[in-house]
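Colleague: Read top to bottom, the protein sequences are chains V and R. Quick note on the working numbering: the first sequence kicks off at 1 and runs consecutively. Quick note on the working numbering: the second sequence kicks off at 1001 and runs consecutively.
2 protein chains.
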Amino acid sequence: MTTDTIMVIDDDQDLREGIVEILEGNNFSVIACESAEKAMQKIRIEVPRLIIVDNMMPGMGGMAFMPLVKNDYPRIKIIMITAFSTVDNAVAAMKSGADDYLAKPFKRDELLVAVRRNLEVLKFEQQLSEPDMDETLSSLSNPIRRQILAVLSLEGEMRFMDITRYLGISDHTKVNFHLKNLKACNLVSQDRDKSYCLTSHGVKMVDYLHLLSQKIS
Amino acid sequence: MTTDTIMVIDDDQDLREGIVEILEGNNFSVIACESAEKAMQKIRIEVPRLIIVDNMMPGMGGMAFMPLVKNDYPRIKIIMITAFSTVDNAVAAMKSGADDYLAKPFKRDELLVAVRRNLEVLKFEQQLSEPDMDETLSSLSNPIRRQILAVLSLEGEMRFMDITRYLGISDHTKVNFHLKNLKACNLVSQDRDKSYCLTSHGVKMVDYLHLLSQKIS
DNA sequence: TCTTTTTGTGAAATAGACTTCACAGAAACC
DNA sequence: GGTTTCTGTGAAGTCTATTTCACAAAAAGA
């Protein structure tokens, strides 16, 4: 399991180091910065998943910093911390791109809860946009390819021309095209005698397609 | 629940009527023909899901009949019945397009088992090629659309521009395009104040996607 | 060996999905 | 009222997926 990298930006050294300590004590990998300007540079070197930034700082404040980061890295989560907390302040922070808002002084657990919650949200979002998901889903979105999976699931193993005839497709190169696609996605494989069959991944996907068809209807 | 239509082709009136009786007694809708030629005509009027055809008949036999049918209607399942059963005979029948093979005399239950088995196979195949499935899967195969679903799943309800900003997409018309697609597939809907939210179908699909992402990784 | 069937490749044509751009009405804001 | 932001449409262009076609090596049959 890889640890999540978190960036902490605060000009107050005591507070900054306190936060770093809490986070590192909980197995997060931390990058600390004393200003938003420094942070902008460091982000380019290693992109964190989450940023904790103070609102009031000399130079660029958190409020100005957030839109800049969100523009370049829309998926980074930002938690803003602030000393003088008001409703207006909180609303303004959210509008500027903060994903969460923490008023000083906060407890150790308040910080950790906020951090974990935001990392969970991030994980949730990312799960649905994984590249593997992309490949698999677009492969499954073609009806001919799904028919091929269905046939192979029923028959276990089939020769190229048998699949073609079974589906009633006259142009065999068309079937070839789709089989190639299925092979590329690792849904189907070919053994030594050239027969096609489902991979274990392919078997799972057929299961899931049936699940889906039940959900749809 | 709609009943499956089965076509029975046999020149022997007694046997034909016996089969019809068994099938109708089990709530199938039956079309009986005394020759393959008649059957070819009747198929055009109502397409059965399954055909039970005798091999030996005056005029066109089952062996010649099957390729003709399979060519026009590759999805119809065909059970061949035959009096003089040999291995070679069975193999030849399967090669000509039979999906199953029954030797005379057969028991009532043997017939019903074969019929049900073949209808199950048909159902299995068809589940994976439903048009709804097509629409849903191709909609889900786009990463931006999946991100929109994720965001709506987290936030519950969102305005158009909030979604656009959340995803960090500069061209709002692009988001509009994908939202339209999601609406067309009934995954997302819009309430009176123009906010977008997941439909119940959309909620199911987000569930499904998470299941899928676990299986993939 | 000669022929046919199977299995396959790659290029060109077509269709479909996605993006971009120019514009516009509606609503919110000043 | 005038201005800005939100929400949306439609056309044109671009990129990707799919189909079709021409061809060919390998395997199976005759």
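Glycine included, every Cβ here is placed at the ideal spot set by N, Cα and C.
Classify residue 1234 of chain R as helix, strand or coil using the three-state DSSP reduction.
Modeller: For residue 1234 of chain R there is no data in the structure shown, the boundaries of chain R being 1001 and 1217.
Colleague: Tell me whether residue 999 of chain R is buried or exposed, calling it buried when 16 or more other Cβ atoms sit within 10 Å of its Cβ.
Modeller: Here chain R has residues from 1001 to 1217 only, and residue 999 of chain R is not among them.
Colleague: So does the stretch 33-41 of chain V actually touch the stretch 50-57 of chain V, counting three or more Cβ pairs closer than 8 Å?
Modeller: The stretch 33-41 of chain V, when compared against the stretch 50-57 of chain V, does touch it at the 8 Å Cβ threshold.
Colleague: Can the beta-carbon of residue 1111 of chain R be found less than 7 Å from the beta-carbon of residue 1049 of chain R?
Modeller: Counting from 1 along the second sequence, the entry for residue 1111 of chain R is found at position 111. Counting from 1 along the second sequence, the entry for residue 1049 of chain R is found at position 49. For residue 1111 of chain R and residue 1049 of chain R, no; Cβs fall outside 7 Å.
Colleague: Using a Cβ distance threshold of 8 Å, determine whether the stretch 206-215 of chain V contacts the stretch 164-172 of chain V, with at least three qualifying pairs required.
Modeller: No: fewer than three Cβ pairs fall under 8 Å.
Colleague: Hey, residue 97 of chain V and residue 77 of chain V: beta-carbon distance below 7 Å or not?
Modeller: Translated into positions along the first sequence, residue 97 of chain V becomes position 97. Translated into positions along the first sequence, residue 77 of chain V becomes position 77. No, Cβ-Cβ distance for residue 97 of chain V and residue 77 of chain V is not below 7 Å.
Colleague: So, helix, strand or coil for residue 24 of chain V, using DSSP?
Modeller: Counting from 1 along the first sequence, the entry for residue 24 of chain V is found at position 24. Helix, per DSSP.
Colleague: Measure the alpha-carbon distance for residue 152 of chain V versus residue 187 of chain V and round it to whole angstroms.
Modeller: As a position in the first sequence, residue 152 of chain V is number 152, starting the count at 1. As a position in the first sequence, residue 187 of chain V is number 187, starting the count at 1. Going from the Cα of residue 152 of chain V to the Cα of residue 187 of chain V covers about 11 Å.
Colleague: If we count the other Cβ atoms within 10 Å of its Cβ and call it buried at 16 or more, is residue 1100 of chain R buried or exposed?
Modeller: Locating residue 1100 of chain R in the second sequence gives position 100, counting from the first residue. So residue 1100 of chain R counts as buried.
Colleague: Select from the stretch 1190-1217 of chain R all residues with a C-beta closer than 9 Å to any C-beta belonging to chain V, and list them in chain order.
Modeller: The residues in question are 1201, 1204, 1205, 1206, 1207, 1208, 1209, 1210, 1211, 1212, 1213, 1214, 1215, 1216, 1217.
Colleague: Should residue 1063 of chain R be flagged as near chain V, meaning a C-beta pair shorter than 7 Å?
Modeller: Start at 1 with the first residue of the second sequence, and residue 1063 of chain R comes out as number 63. Taking Cβ atoms only, chain V never reaches closer than 7 Å to residue 1063 of chain R, which makes this a no.
Colleague: Rank R:1162, R:1202, R:1080 by C-alpha distance to the C-alpha of residue 1135 of chain R and give the top, closest one.
Modeller: Along the second sequence, read from residue 1 onward, the residue named residue 1135 of chain R stands at position 135. Closest by alpha carbon: R:1202.
Colleague: Compile a chain-ordered list of the residues in the stretch 109-122 of chain V whose CB is closer than 9 Å to at least one CB of chain R.
Modeller: Under the 9 Å Cβ criterion, the stretch 109-122 of chain V contributes 121.
Colleague: My output table needs one value for residue 77 of chain V: the three-state DSSP class, helix, strand or coil.
Modeller: Numbered from 1 along the first sequence, position 77 holds the residue referred to as residue 77 of chain V. DSSP places residue 77 of chain V in strand when its eight states are reduced to three.
Colleague: With a threshold of 7 Å between beta-carbons, can residue 1066 of chain R be considered close to chain V, or not?
Modeller: Here residue 1066 of chain R corresponds to residue number 66 of the second sequence, with the count starting at 1. Judged by the 7 Å Cβ criterion, residue 1066 of chain R is not in contact with chain V.
Colleague: Where residue 1072 of chain R and residue 1051 of chain R are concerned, what is the direct C-alpha to C-alpha distance, given to the nearest angstrom?
Modeller: Reading the second sequence from its first residue, position 72 is the one you call residue 1072 of chain R. Reading the second sequence from its first residue, position 51 is the one you call residue 1051 of chain R. Going by the C-alpha atoms only, they are around 14 Å apart.
Colleague: Residues in the stretch 1013-1046 of chain R with C-beta within 8 Å of chain V's C-beta atoms, listed in sequence order?
Modeller: Listed by position, the residues of the stretch 1013-1046 of chain R near chain V (Cβ gap below 8 Å) amount to none.
Colleague: At 4 residues or longer, what runs of the alpha helix (DSSP H) sit wholly inside the stretch 125-192 of chain V?
Modeller: Those alpha helix (DSSP H) runs which fall completely within the stretch 125-192 of chain V and span 4+ residues are 131-140, 143-155, 160-167, 172-184.
Colleague: According to a CB-to-CB cut-off of less than 9 Å, which residues of the stretch 150-179 of chain V neighbour chain R?
Modeller: Within the stretch 150-179 of chain V, the residues whose Cβ lies closer than 9 Å to some Cβ of chain R are 150, 151, 153, 154, 165, 166, 167, 168, 169, listed in chain order.
Colleague: Report back the beta-carbon spacing between residue 92 of chain V and residue 63 of chain V to the nearest angstrom; my notes put them in contact at under 8 Å.
Modeller: Numbered from its first residue, the first sequence carries residue 92 of chain V at position 92. Numbered from its first residue, the first sequence carries residue 63 of chain V at position 63. With 8 Å as the limit, residue 92 of chain V and residue 63 of chain V qualify as a contact, their Cβ atoms being about 7 Å apart.
Colleague: Would you say residue 1140 of chain R lies against chain V (beta-carbon separation less than 7 Å)?
Modeller: As a first step, residue 1140 of chain R must be located in the second sequence, where it is residue number 140. True, the Cβ-Cβ gap to chain V drops below 7 Å.
Colleague: Could you give the distance in angstroms between the alpha-carbon of residue 74 of chain V and the alpha-carbon of residue 1142 of chain R?
Modeller: Within the first sequence, numbered from 1, the residue matching residue 74 of chain V stands at position 74. Within the second sequence, numbered from 1, the residue matching residue 1142 of chain R stands at position 142. Going from the Cα of residue 74 of chain V to the Cα of residue 1142 of chain R covers about 18 Å.
Colleague: Is there at least one Cβ from chain R nearer than 7 Å to residue 137 of chain V's Cβ?
Modeller: Taking the first sequence and counting its residues from 1, the one referred to as residue 137 of chain V is at position 137. Interface residue, yes.
Colleague: Quick one: what's got a C-beta closer than 8 Å to residue 119 of chain V's C-beta in the same chain, skipping five residues either side?
Modeller: By one-based count along the first sequence, residue 119 of chain V stands at place 119. Closer than 8 Å at Cβ, skipping near neighbours: 4, 49, 50, 77.
Colleague: Just the Cα atoms here: how many angstroms apart are residue 1172 of chain R and residue 1194 of chain R?
Modeller: Locating residue 1172 of chain R in the second sequence gives position 172, where the first residue counts as 1. Locating residue 1194 of chain R in the second sequence gives position 194, where the first residue counts as 1. Those two C-alpha atoms are separated by around 15 Å.
Colleague: How would you write the range of the alpha helix (DSSP H) that residue 72 of chain V sits in, first residue to last?
Modeller: Counting from 1 along the first sequence, the entry for residue 72 of chain V is found at position 72. From DSSP, the alpha helix (DSSP H) with residue 72 of chain V extends over 62-72.
Colleague: Of all the options R:1162, R:1027, R:1080, which has the alpha carbon lying nearest to the alpha carbon of residue 1105 of chain R?
Modeller: Counting from 1 along the second sequence, the entry for residue 1105 of chain R is found at position 105. Nearest C-alpha to residue 1105 of chain R: R:1080.
Colleague: Between V:185, V:29, V:213, which lies nearest to residue 200 of chain V when the distance is taken from Cα to Cα?
Modeller: Indexing the first sequence from 1 puts residue 200 of chain V at position 200. Nearest C-alpha to residue 200 of chain V: V:185.
Colleague: So with CB distances below 9 Å, who are the chain R contacts of residue 218 of chain V?
Modeller: Nothing about residue 218 of chain V can be read from this structure; chain V reaches only from 1 to 217.
Colleague: Can you give the Cα-Cα distance for residue 1179 of chain R and residue 1145 of chain R, rounded to whole angstroms?
Modeller: For the purposes of this step, residue 1179 of chain R is taken as residue 179 along the second sequence, with counting starting at 1. For the purposes of this step, residue 1145 of chain R is taken as residue 145 along the second sequence, with counting starting at 1. Their backbone Cα atoms lie some 7 Å apart in a straight line.
Colleague: Return helix, strand or coil for residue 1029 of chain R, following the three-state DSSP convention.
Modeller: For this step, residue 1029 of chain R is matched to residue 29 along the second sequence. If DSSP states are grouped into helix, strand and coil, residue 1029 of chain R belongs with the strands.
Colleague: Residues in the same chain with beta-carbon distance under 6 Å from residue 214 of chain V, minus the five sequence neighbours each way, listed in chain order, please.
Modeller: Within the first sequence, residue 214 of chain V is the residue found at index 214, counting from 1. Closer than 6 Å at the Cβ level, and outside the excluded window around residue 214 of chain V, lies no residue.
Colleague: Any idea what DSSP makes of residue 1121 of chain R, helix, strand or coil?
Modeller: Counted from its first residue, the second sequence places residue 1121 of chain R at position 121. Here residue 1121 of chain R sits in helix by DSSP.
Colleague: Secondary structure at residue 47 of chain V, three-state DSSP: helix, strand or coil?
Modeller: Your numbering for residue 47 of chain V matches position 47 in the first sequence. Three-state result, residue 47 of chain V: coil.
Colleague: What in chain R is Cβ-close to residue 70 of chain V, meaning under 9 Å?
Modeller: Indexing the first sequence from 1 puts residue 70 of chain V at position 70. Near residue 70 of chain V (Cβ distances below 9 Å), the residues of chain R are 1165, 1168.
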